[in-house]
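Input: a single structure, listed below in structure tokens.
Numbering (the UniProt record's numbering), first residue to last: 1 to 661.
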């Protein structure tokens with residue numbers, strides 16, 4: 001039913017309130033509503049958060065949003081993890097009604113004493129509600145009562161006393177609520193900060209510490225122990241999460257050879273995503289990588305240098321996975337009696353059998369939950385889920401709910417490059433993070449539109465993680481853009497999204513595709529061990545350009561130094577006069593960062609950047625200093641600013657705003 005003061009169109013709501021909206025500890029989120037009433041009397045509204053323990057927090061007053069007089073917003077901030085709710089409360093506001101009417105009538109010499117009398121009666125009601133400890137507020141209200149009733153004082157002076165800013169502040173803090181309408185409670189779940197903010201680095205343990213015999217060409221695989229030695233370097237670059245592809249036994253039946261060929265040699269390692277062999281399945285570790293003791297040591301070493309371990313959760317099986325024998329009903333049998341392997345036409349994955357959740361959904365669900373809890377018991381608190389869009393959404397909703405019940409700090413990242421409805425649906429039912437279309441957004445307009453979409457339209461459903469590359473995705477922009485392209489994409493991802501990531505080799509500018517028009521790497525690490533020389537960080541990486549590692553390090557340092565870059569919902573796009581120069585800002589309290597990026601890796605661009613100064617917390621005519629966190633230069637800026645960005649020197653400005661007054 002509609003309340004006495006109608007409150008409608010409350011947001012954020014996910015699935016009509018059946019699912020909690022996304023929230024993060026420490027990050028403000030907006031609550032909006034349409035609030036209106038009959039007649040001309042004024043109304044007010046506020047939002048009340050209720051924490052996971054049922055404690056009601058102090059209300060936050062809603063204010064009109066934009067040009068719509070009946071659309072209100074308040075920003076609220078959960079300060080602890082767990083299941084929160086929020087309410088929107090609206091009421092008839094006699095104080096605001098009197099302030100409006102008195103300001104007009106008294107100045108027009110209409111019902112002057114009646115207005116003062118009504119004002120005195122309202123102030124007396126406020127005074128009665130004030131506690132004795134609120135001495136300053138009581139004095140201000142008492143002074144207002146005296147002014148309203150003092151007919152010996154000039155009318156303008158009496159009105160000025162009643163309109164004094166100090167008294168108005170007291171009245172705002174102590175409203176008189178009449179005809180109160182409450183809508184809610186509505187759910188929101190606050191995850192820990194890592195669900196929103198973090199820098200990810202992906203590597204294959206079998207490649208870290210791998211060696212190639214210069215005489216025979218034989219490659220010796222790395223393992224968890226050798227990979228642990230690389231963690232110091234990853235942490236030194238400022239990354240927060242080390243993400244591992246599957247570390248389980250790899251199937252031998254239909255094993256893929258180098259570059260996804262069907263003719264592997266006896267020494268070929270196969271794809272880690274072809275999980276399972278006679279050595280075990282998802283609850284085992286590949287013998288070449290080590291044991292659970294080795295994994296525990298890896299997790300502990302990562303923790304000691306400030307890294308969280310994320311593990312791939314790929315729900316599929318190689319033809320020789322133990323499940324194929326013990327639970328053949330978990331797979332799809334074709335008309336000829338064979339088990340169907342995975343396909344994404346024209347791609348074929350003969351080494352992988354997808355699960356069929358319709359044959360024994362309860363059995364599969366119980367087994368997956370067992371596996372997840374096994375790895376959680378070994379210190380994994382983050383799972384990157386492979387292709388979740390190929391499994392039932394209802395299954396994920398159940399699994400994530402079960403895990404959250406016992407381990408609410410465990411996070412799941414949805415690796416789903418698919419239709420928007422599925423991507424948003426996976427976020428809505430519980431995935432804490434989501435892969436995005438970022439990789440394929442390279443033009444200025446499409447980047448602007450996408451950043452605004454993620455920050456303001458889908459923020460209650462999904463949190464983005466901007467990976468600049470993956471073992472599967474080497475975009476043409478990186479293939480043909482040279483070293484500037486790698487800097488451009490890294491700077492864009494690291495500053496526009498609170499979570500971003502790189503796959504090992506990015507800092508070495510690995511950019512060669514298996515063939516023209518493909519996004520697959522040549523000699524993809526998915527199918528073979530890659531031997532890299534990390535020994536000399538100053539070694540030439542590509543076209544005379546040094547390793548990008550120092551640049552990635554600086555980006556992560558800047559992210560840690562600026563809370564504004566650790567938030568999602570605070571982004572504003574600014575106008576530039578060049579179709580290849582992008583400008584946006586992020587603001588968190590007094591921390592304001594303006595980012596300007598040349599999106600053209602081949603040419604220097606000169607243009608004017610036009611800033612929305614109120615979005616930066618500044619007046620339109622205000623001048624201020626900006627300090628470039630990448631080049632250590634400082635300039636005086638205002639509303640309109642000339643920039644010149646040479647991609648071969650530095651394609652981006654990351655500017656910390658410093659007020660000059």
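All residues carry an ideal CB built from backbone N, CA and C; glycine is no exception. Only a predicted model underlies this, so the values are computations on that prediction, with no experimental measurement involved.
Close Cβ partners of residue 612 (< 7 Å) along its chain, the five nearest in sequence each way excluded: Residue mapping note: residue 612 aligns to position 612 of the chain shown, counting from 1. Exclusion of the five residues before and after residue 612 leaves 572, 574 as the residues of its chain whose Cβ lies within less than 7 Å of its Cβ.
Cβ contact (3+ pairs, closer than 8 Å) linking the stretch 291 to 300 and the stretch 326 to 345: Fewer than three pairs of CB atoms, one per stretch, sit closer than 8 Å, so the stretch 291 to 300 makes no contact with the stretch 326 to 345.
CB of residue 662 within 8 Å of CB of residue 276, strictly: Here the chain has residues from 1 to 661 only, and residue 662 is not among them.
Check whether residue 531 and residue 192 have beta carbons under 8 Å apart: Translated into the one-based positions of the chain shown, residue 531 becomes position 531. Translated into the one-based positions of the chain shown, residue 192 becomes position 192. No; because the gap between Cβ atoms is not below 8 Å, this pair is not in contact.
Residue 46 classed as buried or exposed, judged by whether at least 16 other C-beta atoms fall within 10 angstroms: Sequence index remark: in the chain shown, residue 46 carries index 46 (1-based). Residue 46 should be labelled buried.
With 16 other Cβ atoms within 10 Å as the buried cut-off, status of residue 396: The residue you call residue 396 lines up with position 396 of the chain shown. Under this definition residue 396 is a buried residue.
Burial state of residue 430 (16 or more Cβ within 10 Å): The residue you call residue 430 lines up with position 430 of the chain shown. Residue 430 should be labelled buried.
The stretch 48 to 60 in contact with the stretch 108 to 117 per 3-pair CB rule at 8 Å: With the cut-off at 8 Å, the stretch 48 to 60 and the stretch 108 to 117 do not touch.
Opposing strand residues paired with residue 243 [DSSP bridges]: Counting from one through the chain shown, the residue named residue 243 turns up at place 243. Beta-bridge annotation (DSSP): residue 243 is paired with 202, 310.
Proximity winner among 187, 657, 78, relative to residue 15 (alpha-carbon distances): Taking the first residue of the chain shown as position 1, residue 15 is located at position 15. When each option's Cα is compared against that of residue 15, the closest is 187.
Per-residue burial, residue 462 [other beta carbons within 10 Å of its own, 16 or more giving buried]: Position 462 of the chain shown, counted from the first residue, corresponds to residue 462. Here residue 462 is buried. Its C-beta has 16 or more other C-beta atoms within 10 Å.
Nearest-angstrom Cα separation, counted from residue 587 out to residue 642: Here residue 642 is taken as the residue at index 642 of the chain shown, counted from 1. Here residue 587 is taken as the residue at index 587 of the chain shown, counted from 1. Looking at the two C-alpha atoms, the distance is approximately 22 Å.
Alpha carbon of residue 529 to alpha carbon of residue 76, nearest angstrom: In the chain shown, the residue the question calls residue 529 occupies position 529. In the chain shown, the residue the question calls residue 76 occupies position 76. Taking the CA atoms as reference points, residue 529 sits about 49 Å from residue 76.
Same chain only: Cβ atoms within 7 Å of residue 43, ignoring 5 sequence neighbours per side: For the purposes of this step, residue 43 is taken as residue 43 along the chain shown, with counting starting at 1. In chain order, 5, 35, 37, 90, 91, 92, 93 place their CB closer than 7 Å to the CB of residue 43, counting only its own chain and leaving out the 5 sequence neighbours on each side.
For residue 473, the three-state DSSP class (helix, strand or coil): As a first step, residue 473 is located in the chain shown; it is residue number 473 there, counting from the start. Here residue 473 carries a coil assignment [DSSP, helix/strand/coil].
Endpoints, alpha helix (DSSP H) assigned at residue 115: Working through the chain shown from its first residue, we reach residue 115 at position 115. First-last of the alpha helix (DSSP H) with residue 115: 112 to 129.
Residues bridged to residue 673 (per DSSP): What is shown of the chain runs 1 to 661, which leaves residue 673 out entirely.
Closest residue to residue 162 among 213, 233, 101 (Cα-Cα distance): Position 162 of the chain shown holds residue 162. Cα-wise, what sits closest to residue 162 is 101.
CA nearest to the CA of residue 506, picked from 473, 498, 495: For the purposes of this step, residue 506 is identified with residue 506 of the chain shown, where counting begins at 1. Shortest Cα-Cα distance from residue 506 to any of 473, 498, 495 involves 473.
Close-in-space but distant-in-sequence residues of the same chain around residue 631 (CB under 7 Å, 5 per side omitted): Numbered from its first residue, the chain shown carries residue 631 at position 631. Cβ neighbours of residue 631 within its own chain (closer than 7 Å, five residues either side excluded): 650.
Local conformation of residue 90 per DSSP, three classes: Locating residue 90 in the chain shown gives position 90, where the first residue counts as 1. Strand, per DSSP.
Identified DSSP bridge partners for residue 659: As a working note, residue 659 is residue 659 in the chain shown. Bridge partners of residue 659: 624.
Cβ separation of residue 207 and residue 525, assumed to be a contact under 8 Å, to the nearest whole Å: The sequence position of residue 207 within the chain shown is 207, counting from 1. The sequence position of residue 525 within the chain shown is 525, counting from 1. A Cβ-Cβ distance of about 6 Å is found for the pair residue 207 and residue 525, placing them in contact under the 8 Å criterion.
Beta strand (DSSP E) runs contained entirely in the stretch 307 to 391, provided each spans 3 or more residues: Unbroken beta strand (DSSP E) stretches of 3 residues or longer found wholly inside the stretch 307 to 391: 308 to 313, 342 to 344, 347 to 349, 382 to 386, given in chain order.
DSSP state of residue 632 mapped onto helix, strand, coil: As a first step, residue 632 must be located in the chain shown, where it is residue number 632. In the structure shown, residue 632 falls within a coil segment according to DSSP collapsed to helix, strand and coil.
For residue 203 and residue 172, believed in contact at Cβ under 8 Å, the rounded distance: Against the chain shown, residue 172 aligns to sequence position 172. Against the chain shown, residue 203 aligns to sequence position 203. That belief does not hold up - the Cβ atoms of residue 172 and residue 203 are roughly 55 Å apart, past 8 Å.
Whole-Å CB distance - residue 72 paired with residue 63, under 8 Å assumed: Here residue 72 refers to the residue found at position 72 when the chain shown is read from its first residue. Here residue 63 refers to the residue found at position 63 when the chain shown is read from its first residue. The beta carbons of residue 72 and residue 63 sit about 7 Å from each other, so the pair counts as a contact at 8 Å.
Three-pair Cβ contact test at 8 Å for the stretch 143 to 155 versus the stretch 15 to 26: They do not touch, by the three-pair rule.
DSSP-derived helix/strand/coil call for residue 443: Counted from its first residue, the chain shown places residue 443 at position 443. In the three-state reduction of the DSSP assignment, residue 443 falls in the coil class.
Proximal residues to residue 640 (C-beta, below 8 Å), its chain only, five neighbours per side dropped: Walking along the chain shown from the start, residue 640 turns up at place 640. Apart from sequence neighbours up to five positions away, the residues of its chain that approach residue 640 with a beta-carbon distance below 8 Å are 608, 609, 610, 611, ordered along the chain.
Alpha-carbon to alpha-carbon, residue 393 and residue 425: Reading the chain shown from its first residue, position 425 is the one you call residue 425. Reading the chain shown from its first residue, position 393 is the one you call residue 393. Going from the Cα of residue 425 to the Cα of residue 393 covers about 8 Å.
Cβ contact (3+ pairs, closer than 8 Å) linking the stretch 274 to 288 and the stretch 301 to 311: Too few Cβ pairs lie closer than 8 Å, so no.
Bounding residues of the alpha helix (DSSP H) (the contiguous stretch that carries residue 405): What you label residue 405 is simply residue 405 of the chain shown in a count that begins at 1. DSSP places residue 405 inside the alpha helix (DSSP H), whose first and last residues are 393 to 406.
Whole-Å CB distance - residue 307 paired with residue 235, under 8 Å assumed: Residue numbering aside, residue 307 sits at position 307 when the chain shown is read from its first letter. Residue numbering aside, residue 235 sits at position 235 when the chain shown is read from its first letter. With 8 Å as the limit, residue 307 and residue 235 qualify as a contact, their Cβ atoms being about 6 Å apart.
Outcome for residue 557 when other beta-carbon atoms lying within 10 angstroms are tallied against a minimum of 16: Translated into positions along the chain shown, residue 557 becomes position 557. That one is exposed.
Cβ pair residue 490, residue 555 closer than 8 Å: Within the chain shown, residue 490 is the residue found at index 490, counting from 1. Within the chain shown, residue 555 is the residue found at index 555, counting from 1. Taking 8 Å as the Cβ cut-off, residue 490 and residue 555 qualify as a contacting pair.
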